[in-house]
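This report concerns only the one structure given below.
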Amino acid sequence: MPVLVMKFGGTSVATLDRIRRAAKRVGVEVAKGYDVIVIVSAMAGETNKLVGYVDETSPLYDAREYDAVVSSGENVTAGLMALTLQEMDVPARSWQGWQVPVKTTSAHSQARIEDIVPDNIRAKFAEGMRVAVVAGFQGVSPEGRITTLGRGGSDTTAVAFAAAFQAERCDIYTDVDGVYTTDPRICDKARKLDRIAFEEMLELASLGAKVLQTRSVELAMRYNVKLRVLSSFEEQSDTAGTLVCAEEDIMESKVVNGVAYSRDEAKMTLVSVADRPGIAAAIFGPLSEAGVNVDMIIQNISEEGRTDMTFSCPTDQVARAEKALHDAKARGEINFHDLIADTNVAKVSAVGIGMRSQSGVAARMFKTLSDEGINIKVIATSEIKISVLIDRKYMELAVQALHDAFALEKTG
54 MPVLVMKFGG
64 TSVATLDRIR
74 RAAKRVGVEV
84 AKGYDVIVIV
94 SAMAGETNKL
104 VGYVDETSPL
114 YDAREYDAVV
124 SSGENVTAGL
134 MALTLQEMDV
144 PARSWQGWQV
154 PVKTTSAHSQ
164 ARIEDIVPDN
174 IRAKFAEGMR
184 VAVVAGFQGV
194 SPEGRITTLG
204 RGGSDTTAVA
214 FAAAFQAERC
224 DIYTDVDGVY
234 TTDPRICDKA
244 RKLDRIAFEE
254 MLELASLGAK
264 VLQTRSVELA
274 MRYNVKLRVL
284 SSFEEQSDTA
294 GTLVCAEEDI
304 MESKVVNGVA
314 YSRDEAKMTL
324 VSVADRPGIA
334 AAIFGPLSEA
344 GVNVDMIIQN
354 ISEEGRTDMT
364 FSCPTDQVAR
374 AEKALHDAKA
384 RGEINFHDLI
394 ADTNVAKVSA
404 VGIGMRSQSG
414 VAARMFKTLS
424 DEGINIKVIA
434 TSEIKISVLI
444 DRKYMELAVQ
454 ALHDAFALEK
464 TG
């Protein structure tokens, strides 16, 4: 039988009533003839509670035991979902990551999936099981220890299962009814997209859109897994939600398809760095080793052998970046006069695969921001996106103005 993967996030399984509602959706797909793999998150708030227990018990915790504790939330949901389906006379069984097995690296709390062995679940499907309820977010290391995949890891689990089982589709059920042109809470003209290309969704996810986890979109694009984002709280149809698919599956795309934002950005500037070969490596090497996620980078014009280097990073990594750079200076690897951190900035981005074939997007974006009196601090571009750093107080105004400028409320 064809396989369908259905993933339910924490809000979709937050109570027993919601688990029953989700189970009914699974039952509908079973009735259509699918063997279904259900990936479940922990009930809403459960993971935060478990993380709190670990922090209170052992501030300098053993990461292996951290994973053992925080992965238990998904185990509870998986068992309850399987029991609910059994009460509906749907043959179902719960599976933990090690039982599948979901083989991962040994990087506890941030493990990556290396392989999913489908034999055990396929054998049970052959014996008459119709639904495998799999605890998301977890796997097993080469040492046989439980691992977790980091926040949002259940999305990644779902896509990885869809790839491993060559599923017809992977449906992600969440508390929103699809992917929008921008955040509807900021712009009331935001429109739900029927389809969006993998590349666009990947950019939007990495630039601040919270609908899908970035790694899950990367996997879907690599293995051409069709993703559908749906609300677990609304009536469904075959065309509900947003389909994330290959570019060739979209008839025609707008030049800009979405505006994303991230308010938790910081701009850091190294003032008066020696302008010499290898200086960029000397700066960004220590930042990489410290786990600082650097995004935009600008180097000013050199004067008298000195230059300024500016980059952006998440605000919660500023202290780590400062320590890494001051330590590198103390070791004599780099020399700068000052390090300035501006934590009152936001990143706003326009994304669209149509940028590849049409010019003038940057000019329209910059003029729109200029007309609103918004100063641009840093600019970064790729083939299908333009990002700017601006003062955080102008973030919502910028999102609304750009949404209007590119007429994203219109379907044509």
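Residue numbering for the sequence shown is 54 to 465, as defined by the numbering used here.
Glycine is no exception: its CB is placed at the ideal position from the N, C-alpha and C atoms.
Given the structure is predicted, the values throughout are model-derived calculations rather than measurements.
Distance from the CA atom of Y87 to the CA atom of V81, rounded to whole angstroms, is 9 Å. Between the segment 263 to 281 and the segment 316 to 336 there are fewer than three C-beta pairs closer than 8 Å, too few to call the two in contact. For P339 against A383, the beta-carbon gap comes to about 11 Å, at or over 8 Å, which does not count as contact.
Listed as beta-bridge partners of S440 by DSSP are S402 and A433.
Given a length threshold of 3 residues, each whole run of the beta strand (DSSP E) inside the segment 134 to 193 is given here in chain order: 145 to 148, 155 to 157, 166 to 169, 184 to 188 and 191 to 193. Burial is judged here by how many other beta carbons sit within 10 angstroms of a residue's own beta carbon; M59 has at least 16 and is buried. Here the C-alpha atom of I199 lies approximately 6 Å from the C-alpha atom of A121. Around the CB of S269, 16 or more other CB atoms lie within 10 Å, so the residue is classed as buried.
Cβ contact annotation for M349 (same chain, cutoff 6 Å, sequence separation greater than five): S365, V431 and A433, in chain order.
Straight-line measurement puts the Cα of E180 at about 20 Å from the Cα of M134. Residue pairing from DSSP places T201 in a beta bridge opposite Q191.
Proximity of the segment 442 to 449 to the segment 383 to 403 meets the contact definition, three or more beta-carbon pairs being nearer than 8 Å.
C-alpha of E462 to C-alpha of T227: approximately 23 Å in a straight line.
Relative to the Cα of F419, the nearest Cα in the group T396, V452 and I406 belongs to V452. Contact between the segment 110 to 117 and the segment 210 to 220 is absent: fewer than 3 CB-CB pairs across the two stretches fall below 8 Å. Distance from the Cα of I427 is smallest, within the candidate group I439, M448 and S410, for M448.
By the Cβ-count criterion, Y233 is buried, with 16 or more other Cβ atoms from all chains shown falling within 10 Å of its own Cβ.
Around the beta carbon of T295, 16 or more other beta carbons sit within 10 angstroms, so the residue counts as buried.
Under the DSSP assignment, Y226 falls outside any alpha helix (DSSP H), being part of the beta strand (DSSP E) whose first and last residues are R222 to T227.
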